[in-house]
Amino acid sequence: MFERLFPRRKPEPKQLPQPNAQLALGALLVRVAFADKNYRATEIGQIDRILGQTFDLKPIEAAKLRATCEALERDAHDTPTFAKILREEVDYAHRLALGEAMWSVALADGHRHEQEEIQLLAIETALGLTDTDIEMLRTKATGTL
Numbered sequence: 001m002f003e004r005l006f007p008r009r010k011p012e013p014k015q016l017p018q019p020n021a022q023l024a025l026g027a028l029l030v031r032v033a034f035a036d037k038n039y040r041a042t043e044i045g046q047i048d049r050i051l052g053q054t055f056d057l058k059p060i061e062a063a064k065l066r067a068t069c070e071a072l073e074r075d076a077h078d079t080p081t082f083a084k085i086l087r088e089e090v091d092y093a094h095r096l097a098l099g100e101a102m103w104s105v106a107l108a109d110g111h112r113h114e115q116e117e118i119q120l121l122a123i124e125t126a127l128g129l130t131d132t133d134i135e136m137l138r139t140k141a142t143g144t145l
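The sequence shown begins at 1 in UniProt numbering and counts up by one.
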């Protein structure tokens, strides 16, 4: 009865920040972890470590950044848009290191998942990595030829 008299207002949606290299990287790391539809604590921890080390953040700051990146990944841009930001702001050697970091997220749960590898290939390609470097990253991460 009171619901009809005093309907609840939906909260205003939070404005997402404009993505920069930091947010684009975090969103892509989250995208890799979500690719298999199973977002595990080990993957979350790995994302936090990568963000903390890459941007010299304390654990709480890295977790807050990851939370923002989760919202951005869910509600915002597509992979090519995030990758374009990184291509424009990060040199090739560092983009190669980002590819390695993404593999560490994909394998953080101890399993290889086809969906994650497909997502990784799309991201690595969008980052402008060469086929040779993409193969080298896969081989290095998985230990397979």
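Even glycine gets a Cβ: it sits at the ideal position worked out from N, Cα and C.
Coil, strand or helix - residue i by DSSP
i, result
"Gly45", "helix"
"Asp75", "helix"
"Lys84", "helix"
"Tyr39", "coil"
"Leu96", "helix"
"Lys58", "coil"
"Leu127", "coil"
"Leu25", "helix"
"Gln18", "coil"
"Gly52", "helix"
"Arg31", "helix"
"Leu121", "helix"
"residue 215", "Outside the modelled stretch of the chain, which goes from 1 to 145, sits residue 215, for which no answer is possible."
Enclosing alpha helix (DSSP H) for residue i [first to last residue]
i, result
"Asp131", "Asp131 to Thr142"
With 16 other Cβ atoms within 10 Å as the buried cut-off, status of residue i
i, result
"Gly143", "exposed"
"Pro17", "exposed"
"Arg112", "exposed"
"Leu121", "exposed"
"Asp91", "exposed"
"Ile123", "buried"
"Ile118", "exposed"
Short CB-CB distance (under 8 angstroms) between residue i and chain B
i, result
"Phe34", "Looking for chain B here will not work: only one protein chain is present."
Next item on the list: Indicate whether the contact test is met: 3 or more Cβ pairs, each with one atom in the segment 45-62 and one in the segment 129-136, closer than 8 angstroms.
Entry: no
Check: Can at least three beta-carbon pairs, one atom from the segment 38-49 and one from the segment 71-80, be found at a separation below 8 angstroms?
Finding: no
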